[in-house]
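K.L.:
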Amino acid sequence: MLFALTVAALVLIPVAVTFSSFAEVEGDILAHLTEFVLPDLVGNTVWLMFGVGVGVSVLGVSLAWLTAMCEFPGRRVFDWALLLPLALPAYVTAFVAIGLLDFTGPLQTWLRDTWNLTGLPEIRSRGGVILVMSLALYPYVYLIARNAFATQGAIALEAAQSLGLSRTRGFFRVALPMARPWIAAGMMLALMETLADFGTMAIFNYDTFTTAIYKAWYSLFSLSAAAQLASILILFVLVAVVFEQRSRARMRYGAVGRGAASRRIRLSPLLATLAFAYAGIVLAIAFVIPVTQLALWTRDVVASDLDNRYWGFAWHSVLLSGIGAAMVVTIALLLAYAGRQRPGSGMAWLQRLATLGYAFPGAVLAVGLFIPVAWLDNQIIEAGHAWFGFEGSEILKGTLVVMLLAYLVRFLAVGFGPVDSGLHRITRNVDEAARNLGTGTAGLLARVHLPMLRASLLTAAALAFVDIMKEMPITLMTRPFGWDTLAVRVFEMTSEGEWERAALPSLAIVIAGIIPVILLTWRGTRAHG
Amino acid sequence: MKSTLTRLLSVVALGLASLPALAEEVVVYSARNEQLIKPLFDAYTRETGVQVKFVTDKEGPLMARLKAEGKNTPADVLLTVDAGNLWQASEEGLLRPIKSKTLQTNVPAHLRDPDNEWFGLSVRARTMVYNTGKVKPGELSTYEDLANPKWKGRLCLRTSKKVYNQSLVAMMITEYGEDKTEDMVRGWVANLATSPFPDDTKAMEAVAAGQCDVTLVNTYYFGRLMDKKSDLPLAIFWPNQNLKNKAAGVHVNVSGAGVTRHARNPAGAQKLIEWLSSEKAQNQFADVNLEYPVNPKVSPDQKVAAWGNFKQNLINVKDAGSLQAKAVKLMDRAGYK
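As they're listed, the protein sequences go chains G and Y. Here this note's numbering is used: the first residue of the first sequence is 1, the next is one more, and so on. Here this note's numbering is used: the first residue of the second sequence is 1001, the next is one more, and so on.
1) Using a beta-carbon distance below 7 Å, is Gly1268 (chain Y) in contact with chain G?
2) So what's Ala8 (chain G) in DSSP terms, helix, strand or just coil?
3) Quick one: grab the DSSP three-state call for Gly1223 (chain Y).
4) Beta-carbon within less than 8 Å of Leu59 (chain G)'s beta-carbon, same chain only, minus the 5 sequence neighbours each way: which residues are those?
5) Give me, in chain order, the residues of the same chain whose beta-carbon lies closer than 8 Å to that of Lys1152 (chain Y); leave out the 5 immediate sequence neighbours on both sides.
6) For the segment 504–511 of chain G against the segment 1041–1052 of chain Y, do three or more pairs of beta-carbon atoms, one drawn from each stretch, fall closer than 8 Å, so that the two count as touching?
7) Short of 8 Å in beta carbon distance, which residues of its chain neighbour Thr439 (chain G), apart from the five on each side in sequence? Order them along the chain.
8) Can you find a C-beta in chain Y that's less than 7 Å from the C-beta of Arg124 (chain G)?
9) For Ile371 (chain G), return the contacting residues in chain Y, with the cut-off set at a CB-CB distance below 7 Å.
10) Please classify Pro121 (chain G) as buried or exposed, where buried requires at least 16 neighbouring CB atoms within 10 angstroms.
11) Give me, in chain order, the residues of the same chain whose beta-carbon lies closer than 8 Å to that of Met192 (chain G); leave out the 5 immediate sequence neighbours on both sides.
12) Kindly indicate which three-state DSSP category Val25 (chain G) falls into: helix, strand or coil?
13) Are Ser317 (chain G) and Met469 (chain G) closer than 7 Å when you measure CB to CB?
14) Can you list the alpha helix (DSSP H) stretches of 4 or more residues lying completely in the segment 1053–1089 of chain Y, in chain order?
15) So Trp217 (chain G) contacts chain Y; which residues on that side make the cut at Cβ distance below 7 Å?
16) Opposite Val1304 (chain Y) in the DSSP bridges: which residues?
17) Would you please state the rounded distance, in angstroms, between the beta carbons of Ile514 (chain G) and Ala64 (chain G)? I believe it to be under 8 Å.
18) Ends of the alpha helix (DSSP H) at Arg1158 (chain Y)?
19) Just checking: is the beta-carbon of Glu471 (chain G) within a distance shorter than 7 Å of some beta-carbon in chain Y?
20) So if DSSP puts Gly969 (chain Y) in a beta bridge, which residue, or which two residues, is it bridged to?
21) Give the secondary structure of Leu1095 (chain Y) by DSSP, where H, G and I count as helix, E and B as strand, and everything else as coil.
22) Are the beta-carbon atoms belonging to Thr45 (chain G) and Phe209 (chain G) less than 7 Å from one another?
23) Are Gly398 (chain G) and Pro343 (chain G) close, meaning C-beta to C-beta below 7 Å?
24) Are the Cβ atoms of Gly1249 (chain Y) and Asn1313 (chain Y) separated by less than 7 Å?
25) Is the CB of Val1328 (chain Y) under 7 Å away from at least one CB in chain G?
26) Going straight from the alpha carbon of Ala279 (chain G) to that of Phe78 (chain G), what length do you get?
27) Looking at the C-beta of Val1055 (chain Y), does it have a partner C-beta in chain G at a distance below 7 Å?
28) Just verifying my parser: in three-state terms, what is the DSSP assignment at Ile13 (chain G)?
29) If you run the structure through DSSP and keep just helix, strand and coil, what is Phe390 (chain G)?
30) Please confirm if Asp1332 (chain Y) has its CB atom under 7 Å from at least one CB of chain G.
31) Taking 6 Å as the line, does the beta carbon of Leu48 (chain G) fall inside it for any heavy atom of the ligand ATP?
32) Three or more C-beta pairs closer than 8 Å, one from the segment 1082–1095 of chain Y and one from the segment 1272–1286 of chain Y: is that the case here?
33) Taking 8 Å as the cut-off, does the segment 1168–1182 of chain Y touch the segment 1239–1259 of chain Y (at least 3 CB pairs, one atom from each stretch)?
34) Here's the rule I'm using: 16 or more other beta-carbon atoms within 10 Å means buried, otherwise exposed. How should Glu1182 (chain Y) be labelled?
35) Give the range of the alpha helix (DSSP H) segment to which Thr67 (chain G) is assigned.
36) Just to check my reading of the structure: Gly186 (chain G) and Ala145 (chain G) have Cβ atoms closer than 8 Å, yes? What is that Cβ distance to the nearest angstrom?
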């Protein structure tokens, strides 16, 4: 309980700093935003949440079902390849999509020149944003749902069939409801990330809560109005989380044993072709085409831009992501365990609070964290100055500790979702059986739980690793002098609209992010046979 | 109890904090990109032996950071783009006034703070770019004229969220007041061929592809685009040249710098800014991004000079800052996204 309290407190500090903004209300700015900006953006945000929620669920669940439960040509490759879009920042997908599909893009240009065809639907539209975000974020659902289907789907489905349900009805009545906590965990991640997204929305010029926060801060020069909007956003997320948790609170899950790959459904040639085409098209537009475009741009600038500093950027990125992911997974595991030891609504609230950081727009979170750290620094420096004649300006800020803590606050949700779902699946019976055999708590964890949780832990680690690689605002704000990363490099180039030159570091991020994704699948495959 | 804790923490912290500050160094917080400033800082170090340490971020977070750090900030210089941001930094008490003959001489009066808290270092001109196949230069005249119904369906704009168009609208407010300026912005919005673009380059590409005929951009984006695709049917037009009012001349903005209020090395900071405004550094500062030098003794890069001479708007760029919030609200009201 104390541990959970500490972790929640860590997250609550920036939230509290943000909420404290209500101390200085800037009435005229809020009144302006309420009258001219909010109506639009509330509608936009609701549409976006709805659209992306549907989009990632449909894509993620259907693809997870196909690769986990069905046999068709290319399945083994799609199995891991469909995760790859995870390594691609959403704003990169967005920029490539607009670059290719807008009026000035090659497709429309060709249609105009060759067929004199105009009036294609605009990519820079609500539908376009939803499409791009769904393609960028479906792997959260896919990854988590695939593990769920792979470990229990086949048996559940067989049980359902033995009770006389058809395959289709078995899927909808048994397998899908059983996988629901995992699908929901993945969908929550995707939605929280969508809410916090700034880059993609800026490229589409699509106004959401987050873009209004930045507008209040950067354009109207009111950090307090920005923070007030941010706190409304956080309340919004809390309500959504509570709603989601309530709706599955009464469901209990028991494990049905390990899934067996040998029992995959063999698809008929026609269905197999359709499955192949479907997975292939998703993979192509979510990953292959954007990465090809990045590679083409990179080719143009690689000679002039690639210098030996890039090894430093890449090393910093990998190092920070590695340590950060390890921290996230460790704390997520402990937090999930705290919930298992002391279940109750108080604990559930602490867990919810501790994972809120993910929905916070990065730059606002960075400031919310920086203010107390700088305050603490100032206290120490003054004490040090008074007693020891210390002359310095930085103690904690500008160290990796602050940076890593910030990553923890931001990405704990990413680790917690899969770990907690995984832990829920280990029934009490397992614990009791192990204890009856004389296993202590430590032994239970090491010999029973950890092996069973391996897939979940790897999922959590890979998600956190890739997310930290892509993260920008916190890295910019809290990095020590000289600790530039690949993401910082992307920021430098994109902030001046130099997309070709941003392609090189983006591609490096993708490549570095693929490693854990592949590792993950490889280990996962071995674990599930 | 609290003081024991603080004492303990400071002992630990002092043990951790190494103190290698031997050679003189200047610390810069920069919202101007790494690739545009690092070469200059390297040159400064070669010339003077002074180390320049810097960190880059967006201006909002940088200012929030300066504020939170208070008098224990490591930063000596704040370097940023747009007068609006510089004005805001000075408004929040993050900068200090400096007395410098050199800067007074090198930086024209309308491109620096009247209270000497910040100084422009490069000039960014926001002008019109049109499709040479579809528009005759004679049809173009002023920013205001783009609100005329004759441009219906022929105008492309960058989003109002970027500070560049906010400053332009702020400049209009100084001459025409809010109501008339709002009418003008409504006119722009009514003339749009398509929804606003995320950056200047995309807007120019739309003009080149024939989606619209004219747009508003900073000239260096034009330079960069033409470097890559020199055959695009695009050209620059300098608006507002024949007006006699306050809105006369091309709208210009600056990137610039100031010394932070709590700088540990204010003298070093001032020297660095003075050096950046010098003839020696000005060329590189502006040329690396195809901007205009702020120092009148320095001529722009050849490529930039080829776009022709123009009359600048002489309203102090500070006004763009102080009127920015008004401009943003006005653009919201006018439905300019």
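No residue lacks a Cβ here, since even glycine has one placed at the ideal position from N, Cα and C.
P.N.:
To lay it out plainly:
1) Chain G, which has no Cβ nearer than 7 Å to the Cβ of Gly1268 (chain Y), makes this no.
2) In the three-state DSSP reduction, Ala8 (chain G) falls in the helix class (H, G or I).
3) Three-state result, Gly1223 (chain Y): helix.
4) Within its own chain, the residues whose Cβ lies closer than 8 Å to the Cβ of Leu59 (chain G), once the five positions on either side in sequence are excluded, are Ser134, Leu135, Tyr138, Val141, Tyr142, Val282, listed in chain order.
5) Excluding residues within five positions, the ones whose Cβ falls inside 8 Å are Ala1190, Asn1191.
6) Judged by Cβ distances under 8 Å, the segment 504–511 of chain G makes no contact with the segment 1041–1052 of chain Y, as fewer than three pairs qualify.
7) Non-local C-beta neighbours of Thr439 (chain G) in its own chain, meaning closer than 8 Å and more than five positions away in sequence, comprise Arg447, Val448, ordered along the chain.
8) With 7 Å as the cut-off, Arg124 (chain G) counts as an interface residue toward chain Y.
9) Close partners of Ile371 (chain G) in chain Y (Cβ separation under 7 Å): Ala1068.
10) So Pro121 (chain G) counts as exposed.
11) Cβ within range, chain order: Val237, Tyr358, Ala359, Ala413.
12) Val25 (chain G) falls in the coil class under three-state DSSP.
13) Taking 7 Å as the Cβ cut-off, Ser317 (chain G) and Met469 (chain G) qualify as a contacting pair.
14) Entirely contained in the segment 1053–1089 of chain Y, the alpha helix (DSSP H) runs reaching 4 residues are, in chain order, 1059–1069.
15) Within chain Y, the residues placing a beta-carbon under 7 Å from that of Trp217 (chain G) are Gly1060, ordered along the chain.
16) Per DSSP, none; premise fails for Val1304 (chain Y).
17) Contact doesn't hold; Cβ gap of about 19 Å is too wide.
18) It is not in any alpha helix (DSSP H) - Arg1158 (chain Y) carries neither H nor E in the DSSP assignment.
19) At a cut-off of 7 Å between beta carbons, Glu471 (chain G) makes no contact with chain Y.
20) What is shown of chain Y runs 1001 to 1337, which leaves residue 969 (chain Y) out entirely.
21) Reduced to three states, the DSSP call for Leu1095 (chain Y) is strand.
22) Yes; because the gap between Cβ atoms is below 7 Å, this pair is in contact.
23) Between Gly398 (chain G) and Pro343 (chain G), the gap from beta carbon to beta carbon reaches 7 Å or more.
24) Yes, Cβ-Cβ distance for Gly1249 (chain Y) and Asn1313 (chain Y) is below 7 Å.
25) At least one chain G Cβ lies under 7 Å of Val1328 (chain Y).
26) Across the structure, Ala279 (chain G) and Phe78 (chain G) are spaced so that their CA atoms are roughly 7 Å apart.
27) Residue contact with chain G for Val1055 (chain Y): present (Cβ-Cβ distance below 7 Å to some residue of chain G).
28) Ile13 (chain G) falls in the helix class under three-state DSSP.
29) Of the three classes helix, strand and coil, the one that applies to Phe390 (chain G) here is coil, per DSSP.
30) By this cut-off, Asp1332 (chain Y) is an interface position.
31) As far as ligands go, the structure on display features none, and thus does not contain the ligand ATP.
32) Contact fails: fewer than three Cβ-Cβ distances are below 8 Å.
33) With the cut-off at 8 Å, the segment 1239–1259 of chain Y and the segment 1168–1182 of chain Y touch.
34) Counting every other CB atom within 10 Å of its CB across the protein chains shown gives Glu1182 (chain Y) a total of 16 or more, marking it as buried.
35) The continuous alpha helix (DSSP H) containing Thr67 (chain G) extends over residues 38–69.
36) So it is a contact: roughly 6 Å between Cβ atoms.
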